[in-house]
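Chains as they are written, first to last, in our numbering: chain A, -15 to 46; chain B, -18 to 626.
Input: a single structure, listed below in structure tokens.
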Amino acid sequence: MDNISSEISAAIDEALAASNGASVAFKARFRQLIVNAIVGNLVDSDVMDVLSLAPTDYPEGS
Amino acid sequence: MDVRILGWRYQNIRGMRDVTIDLGDQPPRWTLIQMPNGTGKTTTLTLMRVALSDEELSVQNIRSFRPDDQTDAGEFQLRLSVDGERCWLFVKFDYDTGTLRRFTSRAATDAGGLEAGRRLKGNLQDLLTPAFTRLFIFDGELAKSIRDVGKDEASRAIHTLYRLDRVDRLRGAVQRVLQSEQEAKAKTERGLGNLTGRYKTAESTLEELKQRKTDVHNLIEATKDVVAKLQTQKNERISMDGDARRRLVDATQAKAEVDVKIVGLNKDLLSISRNPSALADRIRTRLTALGSRLHQLKLPKTTSAEFFRELALAKDCICGRPIGDTEREVITSRASEYLAENEMGVINAMKNALRNSAADPVQFDEKLESLVRTMRDRREINQLLDKIAAEREEAGDAELEHLREELRTREGDLRAYQEEFRRLTTSSRVEQDQFGFDWKQNIPLCEAELEEKARQYNAALRTMRLHDQSQFVANLLRDIEERASTKLRDRVQIATNVKLESLIPGEHIRVARIGKALELASDQRKSKESVSEGQGLAVAYAFLASLFQDAPYRLPFVVDSPAVSLDTRVRREVADLIPGLFEQVIFFVISSEREGFADSFYGRAGARFITMESTANGVTSITEGIEAFKAFHSEEDQTLEGVTR
């Protein structure tokens, strides 16, 4: 359904399962981003959106 | 993505003056082209690779295509279908210089015109590197050195073919986004710490300045009270003498009147100075001259064109003279010379403004002179007030002397406080610059500094957050890439070994690992350093077939002499293996490969047979059909058959 190989799909699932601290929202958006990238539909603004959801030790600015 | 070869054409390449192989818009699944050795099989595969990829050829190689000394140019055209769209790739050779140029023609995009360079659709442009193209335009040289299929190519091919390279590109995009955010911002913890320190310094300075402002304000109010009381006491003291009291009352009243007059004159002068024409003759002269020039400019087209049309139709002109046919014609033909675009409306507005800007310059001078006079009057009244007080002091009033001294001191204090308050609070850039205030002395400047520091700090914090987040995402992508690469390599390896079990059943040669190269092993040896040419071919076919098996790209497979070095049994295995794995296969064979290989296609629907040969006069002939294919026998092939048997 993702139009990517089953091996890549499984690799994404495994890597996300092993990643600590990532939110459900990040995982969902990240998965979509990587699928878009593989099928040639990569947009920098999407990258920025996903990055902003990634876990970090720094607090949010005022 | 589905790529098919629809045909190709040679022009002035070796013996092929003008030869076209046309496989049609729906090419057969299997095309077997029989060519004797030395008639251009290797050349054709080289030309296909050069057309499909950026593979370069040496000057010597290019000149080897030259058919004779009289021919200085040659051309190879490869006709493709990419996802159903037609595309022609041209390679034009200049035999004198030993150079080549590539062109592309895509009917769907430019109606067949030639574009310079190789312009393939989408990711195909990047996918088809010279090394990758060798994997499906397969000349047998690769099979001979099958252990070198790797040399980075096995892993890279999997990476590219299954689009894992795009995960790598995504990692690049993450870095790109981060870098654009990092421009001129703190990139390190230390940088962030420095910005935090600077922000806190500005914050505490602002607090101190605001506190000082409150204190100074209170001091001003308190000092004003003291000054007012001292003033009252001083006046009461002076008023103890009757004559002095009268003079004091008169002078005080006169001063109040003069103050009111000064305020009025200031207002009038400010109002007049808003009209530049009123300020100086020179300005007025120049503005009038500008207005005159603007009068010569044109009228706005949309609003004024109608005027000329109506005038041309009128009986009389606006000057009163009658309008005849000649005048009408002249008005109509010349109207355009007096019209311009609508922006002229703005010019017209300026013309009107300038026309109405006439002012009386004398008025400003008179008011200014009156103000100077009134200021002088006030100075004289102040001097009179001082004189009244001084006379009382000279009359021996020590108390008054003390009061006046105290008043002078307090008024001095008040001026100093007021000056400090102004320094603390002024937001006038002129004053700030004039007195050299900086953010440590002036509240508006300090507030701006704090805002800038907060902006820098937040930007730095955001950058640090983003840096942290991008590292997380980059590591995750690397993890995915490694996991996916391993899984894909394992799948290709397993599929390759399944095929090898039937192709080379005796020795059980298998792929032990797809690393940077194909690492082979057998039952006897953990590491199989050398294999026979036939075994090498079998491994190569099994690997390539497995590699392309489930790839998102459907590519044609072109192979030169696929079975010449295989024994008959393996030939049949290969003949059974290859065709089913590709949507389109083009085999270049010699007659000795008919037995055991080509003959297994004789009964298959969807197979096409072409025989190419050079005739005695050097012309290449093409014969279609299975009968000619079966019957063809070159002298060289007969010799070869003798050797192999």
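Using N, Cα and C, we set each Cβ at its ideal position, and we do this for glycine too.
Not flagged as an interface residue toward chain A: G98/B, since no C-beta distance is shorter than 8 Å. When CB distances to chain B are screened at a threshold of 7 Å, the residues of the stretch -7 to 11 of chain A falling below it are A(-6), A(-5), I(-4), E(-2), A(-1) and S3, in chain order. Excluding sequence positions up to five before and after D77/B, its CB lies within less than 8 Å of the CB of D53, all in the same chain and listed in chain order. Listed in chain order, the positions of the stretch 145 to 166 of chain B with a beta carbon within less than 9 Å of a beta carbon of chain A are L145, R147, V148, R150, L151, A154, V155, R157, V158, L159, S161 and E162. In the three-state scheme derived from DSSP, where H, G and I count as helix and E and B as strand, V63/B is classed as strand. Its Cα nearest to that of L246/B, the residue E347/B stands out among F529/B, E347/B, S136/B and E386/B.
In this structure, A526/B is the residue among L26/B, A526/B, E382/B and R410/B with its C-alpha nearest to the C-alpha of A476/B. In its chain, beyond the 5 residues on either side, I139, E462, A465, S466 and L469 have a beta carbon closer than 8 Å to the beta carbon of L145/B. At a cut-off of 8 Å between C-beta atoms, A465/B counts as an interface residue with respect to chain A. Taking 8 Å as the threshold, the shortest C-beta distance from I461/B to chain A falls below it. The stretch 108 to 117 of chain B and the stretch 526 to 538 of chain B touch, with three or more beta-carbon pairs separated by less than 8 Å. Here S62/B is buried: its Cβ has 16 or more other Cβ atoms, across all protein chains shown, within 10 Å.
Apart from sequence neighbours up to five positions away, the residues of its chain that approach V155/B with a beta-carbon distance below 7 Å are S451, V454 and A455, ordered along the chain. Listed in chain order, the non-local C-beta contacts of Q516/B below 7 Å within the same chain comprise I485 and I490, local neighbours out to five positions each way being set aside.
Contact annotation: the stretch 573 to 590 of chain B touches the stretch 548 to 562 of chain B, with at least three C-beta pairs closer than 8 Å. Contact between K434/B and Y143/B fails: their C-beta atoms lie close to 50 Å from each other, not under 8 Å.
Leaving aside the five residues that flank A609/B on each side, the residues in its chain whose CB is nearer than 8 Å to its CB run, in chain order, F590 and T592. For N256/B, no CB of chain A lies under 8 Å from its own CB, so it is not counted at the interface with that chain. The residue among E400/B, P543/B and S34/B with its C-alpha nearest the C-alpha of K22/B is P543/B. Look at V454/B: its C-beta is under 8 Å from a C-beta on chain A. Note on geometry: alpha-carbon atoms of F418/B and R389/B lie some 28 Å from one another.
V570/B and D541/B have their alpha carbons spaced roughly 6 Å apart. Per the C-alpha coordinates, the member of D33/A, I(-8)/A, A(-1)/A and A(-6)/A positioned closest to R13/A is D33/A.
Taking all protein chains in view, the Cβ of Y583/B is surrounded by fewer than 16 other Cβ atoms within 10 Å, so the residue is classified as exposed. The beta-carbon of V31/A is placed less than 8 Å from the nearest beta-carbon of chain B. Taking T355/B as the centre and dropping the five residues before and after it, the same chain places the C-beta of V239, K242, I243 and L246 closer than 8 Å to its C-beta, in chain order. The continuous alpha helix (DSSP H) containing S36/A extends over residues D28 to L37. One finds V454 in chain B with Cβ atoms closer than 8 Å to the Cβ of V34/A, taken in chain order. Contact between the stretch -8 to 12 of chain B and the stretch 38 to 52 of chain B is present: three or more C-beta pairs spanning the two stretches fall below 8 Å. Taken in chain order, the complete alpha helix (DSSP H) segments of 4 or more residues contained in the stretch 497 to 557 of chain B are 514 to 530. In this structure, the straight-line span from the alpha carbon of N423/B to that of E202/B is close to 21 Å. Fewer than three Cβ pairs drawn from the stretch 431 to 450 of chain B and the stretch -10 to 3 of chain A lie within less than 8 Å of each other, which leaves the two stretches out of contact. Here E96/B is bridged, per DSSP, to T85/B. Classified as exposed, V27/A has fewer than 16 neighbouring CB atoms from the shown chains inside 10 Å of its CB. Counting only runs of 4 or more residues that sit fully inside the stretch 155 to 223 of chain B, the alpha helix (DSSP H) segments are 170 to 219, in chain order.
In this structure, V197/B is the residue among V197/B, A135/B and V148/B with its C-alpha nearest to the C-alpha of T406/B.
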